[in-house]
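Colleague:
Numbering (the numbering used here), first residue to last: 6 to 236.
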């Protein structure tokens with residue numbers, strides 16, 4: 006069964022996929038409301054905090070809150086509808102952020118492919134300089150690539166902008182990451198993964214909106230989407 010997705014389920018029938026390019030452009034360049042159902046889903050991402058930053062987190066999970074099997078397989082969780090939703094989010098933000106664990110495990114491109122639209126800047130949080138320069142996220146396609154590393158660490162990724170920030174116990178504070186991105190004109194940010202990175206942003210109260218796509222399956226044992234203490 007194809008996992009459902011709220012925006013696809015409510016989209017007007019017969020809408021051309023090419024419409025999304027103009028909708029995403031309107032979102033970025035105009036205060037005019039988006040056509041239904043997009044305003045309800047994506048309109049809140051226009052609102053920013055006092056610092057001008059807005060952060061959206063996204064996770065695709067099973068009914069029992071798992072984002073992957075124990076072996077790391079997630080192919081049955083994010084179906085076509087969920088991927089389209091994720092790629093719509095990518096077109097609306099200035100930057101998409103992942104942790105180095107996701108970059109090493111999945112080697113993602115973080116580009117927009119399932120809908121028409123522009124590619125956001127790609128950011129990898131890599132406190133200890135583990136990311137290889139051959140990672141697909143660093144492909145030179147004209148889009149900004151940023152590697153956030155710990156001060157004093159050496160990054161091999163010379164094709165990317167290197168941002169060195171204080172790292173306590175091998176971790177960089179989410180607020181510091183966001184501030185450094187804002188200084189570079191990247192104020193609307195999508196935190197895409199993995200679970201540890203998204204959980205750290207949530208625990209630091211740095212996520213303004215959270216989009217959760219739930220697939221109609223139960224994995225049982227597997228990797229949880231969040232790892233949080235009491236809130």
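A virtual CB, placed ideally from N, CA and C, is assigned to each residue, including glycine.
On the CB-based measure, 16 or more other CB atoms within 10 Å of its CB, does residue 34 come out buried or exposed?
Modeller: Here residue 34 corresponds to residue number 29 of the chain shown, with the count starting at 1. So residue 34 ends up on the exposed side.
Colleague: Would residue 131 and residue 116 be called neighbours here (beta carbons separated by less than 8 angstroms)?
Modeller: Here the question's residue 131 lines up with position 126 in the chain shown. Here the question's residue 116 lines up with position 111 in the chain shown. No. Outside cutoff.
Colleague: Do residue 167 and residue 87 have their beta-carbon atoms positioned less than 8 angstroms apart in this structure?
Modeller: In the chain shown, residue 87 corresponds to position 82, counting from 1. In the chain shown, residue 167 corresponds to position 162, counting from 1. Their beta carbons are not under 8 angstroms apart, which means residue 87 does not touch residue 167 by this criterion.
Colleague: Nearest CA to the CA of residue 92: which residue from 120, 107 and 72?
Modeller: Mapped onto the chain shown, residue 92 falls at position 87. Out of 120, 107 and 72, 120 has the C-alpha closest to the C-alpha of residue 92.
Colleague: CA-CA distance, residue 51 and residue 177?
Modeller: Numbered from its first residue, the chain shown carries residue 51 at position 46. Numbered from its first residue, the chain shown carries residue 177 at position 172. Those two C-alpha atoms are separated by around 26 angstroms.
Colleague: From residue 221 to residue 214, what distance separates their C-alpha atoms?
Modeller: As a working mapping, residue 221 is identified with position 216 in the chain shown. As a working mapping, residue 214 is identified with position 209 in the chain shown. Roughly 23 angstroms between the two C-alpha positions.
Colleague: Assuming residue 95 and residue 125 make a contact with CB atoms under 8 angstroms, what is their CB distance in whole Å?
Modeller: As a first step, residue 95 is located in the chain shown; it is residue number 90 there, counting from the start. As a first step, residue 125 is located in the chain shown; it is residue number 120 there, counting from the start. Rounded, the Cβ-Cβ distance is 6 angstroms, consistent with contact.
Colleague: Identify every run of the alpha helix (DSSP H) within the segment 61 to 105, keeping only runs that are complete inside it and at least 4 residues long; order them along the chain.
Modeller: 85 to 97
Colleague: Could you check whether residue 164 and residue 146 sit closer than 8 angstroms to each other, using their CB atoms as the reference points?
Modeller: In the chain shown, counting from the first residue as 1, residue 146 sits at position 141. In the chain shown, counting from the first residue as 1, residue 164 sits at position 159. Going by C-beta atoms, residue 146 is not nearer than 8 angstroms to residue 164.
Colleague: Determine the closest residue to residue 25 out of 37, 223, 170 and 43, with distance taken between C-alpha atoms.
Modeller: To locate residue 25, count along the chain shown from 1; it is residue 20. If we check each option's Cα against that of residue 25, 43 comes out closest.
Colleague: Using the beta-carbon count (16 or more within 10 Å), is residue 173 buried or exposed?
Modeller: For the purposes of this step, residue 173 is taken as the residue at position 168 of the chain shown. It counts as exposed.
Colleague: Tell me the DSSP secondary structure of residue 12 in three-state form.
Modeller: Here residue 12 is taken as the residue at index 7 of the chain shown, counted from 1. Low confidence applies here, because residue 12 scores a pLDDT of 49, under 50, leaving its location unreliable; read the following figure in that light. Helix.
Colleague: Tell me which residue opens and which closes the beta strand (DSSP E) that residue 24 is part of.
Modeller: Counting from 1 along the chain shown, the entry for residue 24 is found at position 19. Residue 24 -> not in any beta strand (DSSP E); alpha helix (DSSP H) instead, spanning 24 to 34.
Colleague: Suppose contacts are defined by Cβ-Cβ distances below 8 angstroms. Is residue 205 in contact with residue 179 by that definition?
Modeller: For the purposes of this step, residue 205 is taken as the residue at position 200 of the chain shown. For the purposes of this step, residue 179 is taken as the residue at position 174 of the chain shown. Yes. Within cutoff.
Colleague: So which of 97, 133, 234 and 175 has the shortest CA-CA distance to residue 196?
Modeller: Here residue 196 refers to the residue found at position 191 when the chain shown is read from its first residue. Considering only alpha carbons, the answer is 97.
Colleague: Can you round the beta-carbon distance between residue 142 and residue 118 to whole angstroms, since I take them to be within the 8 angstroms contact cut?
Modeller: As a working mapping, residue 142 is identified with position 137 in the chain shown. As a working mapping, residue 118 is identified with position 113 in the chain shown. Not quite, the Cβ-Cβ distance comes to about 14 angstroms (not below 8 angstroms), so this is no contact.
Colleague: With DSSP run on the structure shown, which of helix, strand or coil describes residue 195?
Modeller: Taking the chain shown and counting its residues from 1, the one referred to as residue 195 is at position 190. Three-state DSSP puts residue 195 in a strand.
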